[in-house]
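Encoded as structure tokens, the structure appears first; notes follow it.
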Amino acid sequence: MLRSISRLTRNAQILKSSSLRNMSIWANVKMGPPDPILGVAEAYRNDPSEIKVNLSVGAFRDDNGKPFVLKSVRKAEKQIMDMAMDKEYIPISGLDSFNNASIRFAYGPESLPIKENRIAVAQSLSGTGALRVGAAFIERWLGKDTKIFVPKPTWGNHITVFRDAGLSVSDYKYLDSKTNTLDIAGVLEDFSKMPKGSVVLLHGCAHNPTGVDPSPEQWKQILEVCKQRELIPFFDLAYQGFASGNPEKDAYSLRLFTDAGMPVILAQSYAKNMGLYGERVGAISFVCKDEAEKQNVLSQMKILIRPLYSNPPSNGVRIASKILNDPELNSLWLDEVKYMADRIISMRTLLRSHLENDCGSKLDWSHITSQIGMFCFTGVSPDKVQRLRDEFHIYLTSNGRISIPGANSKNVKYIAESFHQVTK
Ligand code: LMR
Numbered sequence: 001m002l003r004s005i006s007r008l009t010r011n012a013q014i015l016k017s018s019s020l021r022n023m024s025i026w027a028n029v030k031m032g033p034p035d036p037i038l039g040v041a042e043a044y045r046n047d048p049s050e051i052k053v054n055l056s057v058g059a060f061r062d063d064n065g066k067p068f069v070l071k072s073v074r075k076a077e078k079q080i081m082d083m084a085m086d087k088e089y090i091p092i093s094g095l096d097s098f099n100n101a102s103i104r105f106a107y108g109p110e111s112l113p114i115k116e117n118r119i120a121v122a123q124s125l126s127g128t129g130a131l132r133v134g135a136a137f138i139e140r141w142l143g144k145d146t147k148i149f150v151p152k153p154t155w156g157n158h159i160t161v162f163r164d165a166g167l168s169v170s171d172y173k174y175l176d177s178k179t180n181t182l183d184i185a186g187v188l189e190d191f192s193k194m195p196k197g198s199v200v201l202l203h204g205c206a207h208n209p210t211g212v213d214p215s216p217e218q219w220k221q222i223l224e225v226c227k228q229r230e231l232i233p234f235f236d237l238a239y240q241g242f243a244s245g246n247p248e249k250d251a252y253s254l255r256l257f258t259d260a261g262m263p264v265i266l267a268q269s270y271a272k273n274m275g276l277y278g279e280r281v282g283a284i285s286f287v288c289k290d291e292a293e294k295q296n297v298l299s300q301m302k303i304l305i306r307p308l309y310s311n312p313p314s315n316g317v318r319i320a321s322k323i324l325n326d327p328e329l330n331s332l333w334l335d336e337v338k339y340m341a342d343r344i345i346s347m348r349t350l351l352r353s354h355l356e357n358d359c360g361s362k363l364d365w366s367h368i369t370s371q372i373g374m375f376c377f378t379g380v381s382p383d384k385v386q387r388l389r390d391e392f393h394i395y396l397t398s399n400g401r402i403s404i405p406g407a408n409s410k411n412v413k414y415i416a417e418s419f420h421q422v423t424k
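Residue numbers (the UniProt record's numbering): 1 to 424.
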């Protein structure tokens, strides 16, 4: 009797678990589209062709098309390994030695807010994590209705990061698509109409995706209108050193706004300039009025970070900290940053010259060399981007952006010929 009751109970349990197994609670979940940038890189990886070229994701490659690990990074890594450090949690706001060096690198050691110790800074999961924590802070402390304006076009992830953090995202005119140059009149006009107290996203240098930056004079004009409208500048500085090869020069806009006393917010990334892509090293900082305000802001940053990911990872940041703080490693690194920037510049020159001189293209390709940084906004339409992929195995994002380091001395002619074929 007892045995048959327990068999019945077991059968009921089996029935219950198998019906649960057959019932789907995710039936309403639809297939999402691939990521506009990383999805293209995935499609490239799946292409078996031997002539394929990846001009999609912004990652530096050497002249053999191989990922490039900096010597300074390898050396720092070795020193860290030799120290046999522990794997304890690091603080919620990250490694102090890194945070302090990182803001000195961006704002400059002579910057007043640095000297007055009034920048609240936390280590972040690279640039994206910095943007996300910054946006969450804005949402919490300036309110859900705060508007953030981003340039049109901008890095696609900006919009989703800010929306997911609960901000209301609008755009401002940026690129004159007829000339592929900055529409400065449009920028100033749109800024002058923004509600007072809005946040405005500025690409500190090497604008992604266009490669079009304001000149120093134009930055001053943008600063003036930001002051008039009491706008809050949120700088994304993901390419410091990559635009010109000189990190000081590439920090011009950030330092201009900071010196003018603006309440700057800054997202930094060491993915590109240290090649620490997968290590996720970055920083988010807020320029505050005084040291007391800085302490308050920092305490609230920690309160935001703790439930998000508790505390940041330690490996990549130890490498970055060594490179930023050790004079010998630092000077080796700066040489390598210059090398990467120079290789990009030389590829721009070669690509343009092949298009104009060897292919005889009659189109204006001057923007390839006038734009700066990792990306070139070619002006090629989405249908031609598709042809490049289908007929030539060349992968770029559908907005016509190419990541220049995907070109090298072996494939640059092929890239030029392919572009000529689809645009003639
Ligand atoms: C890019 O724009 O290609 C890079 O910033 C990589 C990324 O995460 O999108």
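Glycine is no exception: its CB is placed at the ideal position from the N, C-alpha and C atoms.
If you're wondering where the values come from, they're calculated on a predicted model, not measured in any experiment.
Just to confirm, does residue i get its C-beta within under 7 Å of one of the non-hydrogen atoms of the ligand LMR?
i, result
"N208", "yes"
"W155", "yes"
"V121", "no"
"G58", "yes"
"S403", "yes"
"I37", "yes"
So, for residue i: in the same chain, excluding its five sequence neighbours on each side, which residues have a beta-carbon less than 7 Å away from its beta-carbon?
i, result
"M1", "Here the model assigns M1 a pLDDT of 48, short of 50, so the residue's position is not dependable, and the following value carries that caveat. Correct list: empty, nothing qualifies."
"V317", "G94, L95, F98, Q123, V281"
"V385", "L396, S398, G400"
Looking at residue i: is its Cβ nearer than 8 Å to the Cβ of residue j?
i, j, result
"R387", "V422", "yes"
"A185", "V161", "no"
"A122", "S93", "yes"
"Y174", "K147", "no"
"P313", "R343", "no"
"L202", "A106", "no"
"G197", "K338", "no"
"L182", "I394", "no"
"G101", "S321", "It is worth fixing the name first, because residue 101 is Ala in this sequence and not Gly. Yes, Cβ-Cβ distance for A101 and S321 is below 8 Å."
"G282", "Q300", "no"
"A206", "G406", "no"
"V53", "G275", "no"
"L231", "F257", "no"
What residue does the alpha helix (DSSP H) around residue i start on, and which one ends it?
i, result
"P113", "112-115"
"Q419", "Strictly speaking, residue 419 in this sequence is Phe, with Gln absent from that position. Per DSSP, F419 belongs to the alpha helix (DSSP H) from 412-423."
"S346", "327-353"
"Q79", "71-82"
"Y107", "96-107"
"I305", "291-309"
"Q386", "382-392"
"V133", "126-142"
"Y89", "No alpha helix (DSSP H) contains Y89, which DSSP labels as neither H nor E."
Where does the unbroken beta strand (DSSP E) through residue i begin, and where does it stop?
i, result
"A283", "281-287"
"R401", "401-403"
"I232", "232-237"
"P151", "147-152"
"F162", "Counting along the chain, F162 falls outside any beta strand (DSSP E), though it belongs to the alpha helix (DSSP H) covering 156-164."
"D171", "168-173"
Between residue i and the rest of its own chain, which residues show a CB-CB distance below 6 Å, the 5 nearest in sequence each way excluded?
i, result
"I265", "G134, F234, F286"
"A41", "S56, V57"
"G166", "E139, K144"
"Y414", "none"
"N411", "V53"
"Q218", "I184"
"F191", "V225"
Who are the near neighbours of residue i in its chain, counting only those whose CB is closer than 8 Å to its CB and skipping five residues on each side?
i, result
"D63", "R343, N408, S409, K410"
Exercise for review: Write down every uninterrupted run of the beta strand (DSSP E) in the stretch 197-277 whose length is 3 residues or greater and which is fully enclosed by it, in chain order.
Suggested key: 199-203, 232-237, 265-269
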